[in-house]
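Chemist: If you number the sequence shown the way the working numbering does, the last residue is 433 and the count never jumps.
C-beta atoms are modelled at their ideal positions from N, C-alpha and C, and glycine is treated no differently.
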Amino acid sequence: MRLTADEQAMLDGAEGPARQRAMDLLVRYGEALGAERLVDTNNVCATVGATMPFLRDYCAAHSGGLDAVFSEFSLDSPDVVEIPKVKVYSCHLQQGLDPAHADRQGIGPEVVKVYRAGEAFSGRIGVQLMNTCTPYQIGNIPAKGEHCAWMESSAVVYCNSVLGARTNAEGRESAGAAMLTGKIPYWGYHLDENRLGTHLVDLQIDVKDTVDWGLLGYWIGEAVQEQVPVLRGVTHVPNLARLKHFGAAASSSGGVEMYHIVGVTPEAATLEEAFGGKRPKAVLKYGAAERRLALERLNSTASDRNVDYVMLGCPHYSIDQIWEACQLLEGQRVHENCNLWIFTPSAIKRIADQNGYTKLITDAGGFLMTDTCSAVGRVLPKGTKVAAVDSAKQAHYLPAIMGIQTWFGTTAECIQAAITGRWSGG
Ligand code: F3S
């Protein structure tokens with residue numbers, strides 16, 4: 008790999024051992040990928056805390072603190088080095104718990120301590136504690152063409168496709184190294200040619216509601232895997248929530264990191280622009296049969312209609328989604344055999360607090376939570392056997408990760424299940 012003078016200096020240790028190890032990791036990573044060089048980035052989204060389930064045991068067994076966690080898990084360092092301040096704008100993604108609801112989530116005080124230590128560490132090195140899978144909902148909106156280094160598949164696909172910024176799906180290691188160096192290998196979706204469409208998807212039915220977009224995304228992900236679909240025939244321009252659900256679903260059933268919607272997304276003003284003048288590798292049709300197939304797949308783990316948990320907010324809810332849930336809940340009570348947890352970024356929860364939505368949810372017997380979700384934090388109400396969700400991504404992961412039955416449907420169907428304790432959706 009060709010390095011610039013500043014990159015070589017970091018690799019030689021001129022800026023201390025942590026940046027030296029970070030550069031060494033990026034060079035090894037870039038060479039393995041066949042990248043010829045690195046690119047500057049000033050926008051990194053990653054996790055540096057240690058509250059994720061796989062790290063909780065490590066922290067219990069080691070006393071080195073967050074410098075040790077960063078050294079081993081973000082820098083692949085053989086020894087513990089002191090982590091200096093980040094070089095570029097860096098944001099923290101979701102955590103493994105909501106400290107305000109730790110008890111309810113079955114998380115002990117020792118993990119909350121790790122959370123607090125992570126907060127102090129992030130503050131010290133300059134990682135902004137957004138604590139969400141949707142940083143683009145709370146102010147991190149990179150410009151079109153900006154080179155980023157983001158983790159979290161649902162955020163990555165949004166960043167590339169909706170914002171027109173450029174990132175690959177980074178890991179904890181490469182994103183951690185990018186924070187310290189302001190560099191990331193120049194390959195994949197940083198390059199113009201890899202951003203072009205590969206598959207044309209003709210929509211033959213109206214795709215309108217959030218649930219429709221989730222189903223479409225789930226079907227497309229399975230169909231194209233990690234390629235770049237181009238949607239033609241959209242009759243209703245999707246809003247943020249629908250784009251968020253669509254991308255999250257497509258990156259769950261497949262590995263979609265980039266898509267185009269002709270006439271909607273920023274690199275697809277025309278079909279020709281989306282494909283760069285090339286012919287699609289395949290043309291797919293999405294109609295009623297395909298929609299039904301996706302719905303059946305997403306409900307394939309569920310048979311018991313007694314629902315004991317309703318989870319909303321995957322990806323983390325926007326304020327208008329919270330408002331929608333509140334309108335459905337108003338004047339109702341969550342069933343005594345059921346729990347309702349709604350997840351959102353803490354910055355959005357502040358607005359919900361001010362607007363009285365948090366109280367409305369709590370008065371109905373539900374909870375508005377932040378920072379995490381059930382699949383990622385592995386946090387469920389005690390004894391949960393059957394869940395209901397309005398997110399294709401969560402419906403994909405919950406049964407696999409937590410071994411519970413999961414129904415998928417509209418937000419209204421989910422709220423109805425929370426109130427009655429029964430699934431009456433499709
Ligand atoms: Fe976010 Fe969890 Fe879904 S981190 S995208 S709410 S799986």
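Pull the bridge partners of leucine 319 from the DSSP assignment, please.
Modeler: Locating residue 319 in the sequence shown gives position 312, counting from the first residue. Beta-bridge pairing by DSSP links leucine 319 to Ile349.
Chemist: When every heavy atom of the ligand F3S is checked, does at least one fall within less than 8 Å of the C-beta of valine 168?
Modeler: Translated into the one-based positions of the sequence shown, residue 168 becomes position 161. Sequence check: residue 168 is serine here, not valine. No, Cβ of serine 168 sits at least 8 Å from all heavy atoms of the ligand F3S.
Chemist: Could you tell me whether the region 244-262 touches the region 221-228, where touching means 3 or more Cβ pairs closer than 8 Å?
Modeler: yes
Chemist: Verify the contact flag: glutamate 159, CB atom, against every heavy atom of the ligand F3S, threshold strictly below 8 Å.
Modeler: The sequence position of residue 159 within the sequence shown is 152, counting from 1. Correct: glutamate 159 has its Cβ closer than 8 Å to the ligand F3S.
Chemist: Sorry if obvious, but does the Cβ on histidine 69 come closer than 8 Å to a heavy atom of the ligand F3S?
Modeler: Within the sequence shown, the letter at position 62 stands for residue 69. Histidine 69: no, Cβ never under 8 Å from the ligand F3S.
Chemist: On the premise that isoleucine 90 lies in contact with arginine 77, defined as a C-beta separation below 8 Å, what is that separation, rounded to the nearest angstrom?
Modeler: Working through the sequence shown from its first residue, we reach residue 77 at position 70. Working through the sequence shown from its first residue, we reach residue 90 at position 83. For the sequence presented, residue 77 should be read as phenylalanine rather than arginine. Phenylalanine 77 to isoleucine 90, Cβ: 5 Å. Contact.
Chemist: Report yes or no: do the region 205-223 and the region 180-189 share at least 3 C-beta pairs separated by less than 8 Å?
Modeler: no
Chemist: Under the three-state reduction of DSSP, which class applies to arginine 9: helix, strand or coil?
Modeler: The residue labelled residue 9 in the question sits at position 2 within the sequence shown. Three-state result, arginine 9: coil.
Chemist: Taking buried to mean at least 16 other C-beta atoms within 10 Å of its own C-beta, is phenylalanine 61 buried or exposed?
Modeler: Residue numbering aside, residue 61 sits at position 54 when the sequence shown is read from its first letter. Counting Cβ neighbours within 10 Å, phenylalanine 61 comes out exposed, since fewer than 16 surround it.
Chemist: Can you confirm whether the region 337-348 touches the region 132-143 when touching is taken to mean that 3 or more C-beta pairs between the two stretches lie within less than 8 Å?
Modeler: no
Chemist: For the candidate residues His197, Gly428 and Cys380, whose alpha-carbon lies nearest to that of leucine 505?
Modeler: Here the chain comprises residues numbered 8 to 433, so residue 505 is not present and cannot be evaluated.
Chemist: Could you tell me whether any non-hydrogen atom of the ligand F3S is closer than 8 Å to the CB of threonine 379?
Modeler: Start at 1 with the first residue of the sequence shown, and residue 379 comes out as number 372. Relative to the non-hydrogen atoms of the ligand F3S, the Cβ of threonine 379 comes within a distance shorter than 8 Å of at least one.
Chemist: Tell me the DSSP secondary structure of proline 24 in three-state form.
Modeler: Taking the first residue of the sequence shown as position 1, residue 24 is located at position 17. Proline 24: helix per DSSP, three-state reduction.
Chemist: Please indicate yes or no: does the CB of lysine 400 lie closer than 8 Å to some heavy atom of the ligand F3S?
Modeler: Within the sequence shown, residue 400 is the residue found at index 393, counting from 1. It does: the Cβ of lysine 400 is within 8 Å (strictly closer) of some heavy atom of the ligand F3S.
Chemist: DSSP three-state call for tyrosine 404: helix, strand or coil?
Modeler: In the sequence shown, residue 404 corresponds to position 397, counting from 1. The answer is helix: DSSP assigns tyrosine 404 an H, G or I state.
Chemist: I need the boundaries of the alpha helix (DSSP H) containing histidine 252, first residue and last residue.
Modeler: Indexing the sequence shown from 1 puts residue 252 at position 245. That run of the alpha helix (DSSP H) goes 247-260.
Chemist: Report the option in Phe282, Ala109, Ser398 and His342 whose CA atom is closest to the CA atom of valine 237.
Modeler: Along the sequence shown, read from residue 1 onward, the residue named residue 237 stands at position 230. Nearest C-alpha to valine 237: Phe282.
Chemist: Would aspartate 448 and valine 235 qualify as a contact pair, given that the criterion is a beta-carbon distance under 9 Å?
Modeler: The requested residue 448 is not part of the displayed model; the chain covers only 8 to 433.
Chemist: Given a cut-off of 9 Å, decide if glutamine 27 and leucine 33 are closer than it, judged by their beta-carbon atoms.
Modeler: Here residue 33 refers to the residue found at position 26 of the sequence shown. Here residue 27 refers to the residue found at position 20 of the sequence shown. Contact: no.
Chemist: Alpha carbon to alpha carbon, how far is glutamine 339 from arginine 179? Give it in angstroms, no decimals.
Modeler: In the sequence shown, residue 179 corresponds to position 172, counting from 1. In the sequence shown, residue 339 corresponds to position 332, counting from 1. The straight-line gap from Cα to Cα measures roughly 42 Å.
Chemist: By DSSP's criteria, serine 161 is part of a beta bridge. Which residues make up the other side?
Modeler: Mapped onto the sequence shown, residue 161 falls at position 154. In the DSSP output, where bridge partners are listed per residue, serine 161 has none listed.
Chemist: Is any heavy atom of the ligand F3S found at a distance shorter than 8 Å from the C-beta of tyrosine 404?
Modeler: Residue mapping note: residue 404 aligns to position 397 of the sequence shown, counting from 1. For the ligand F3S, at least one heavy atom lies less than 8 Å from the Cβ of tyrosine 404.
Chemist: Can glycine 433 and leucine 302 be called in contact, C-beta distance under 9 Å?
Modeler: Residue 433 sits at position 426 when you count from the first residue of the sequence shown. Residue 302 sits at position 295 when you count from the first residue of the sequence shown. At the C-beta level, glycine 433 and leucine 302 come within 9 Å of one another.
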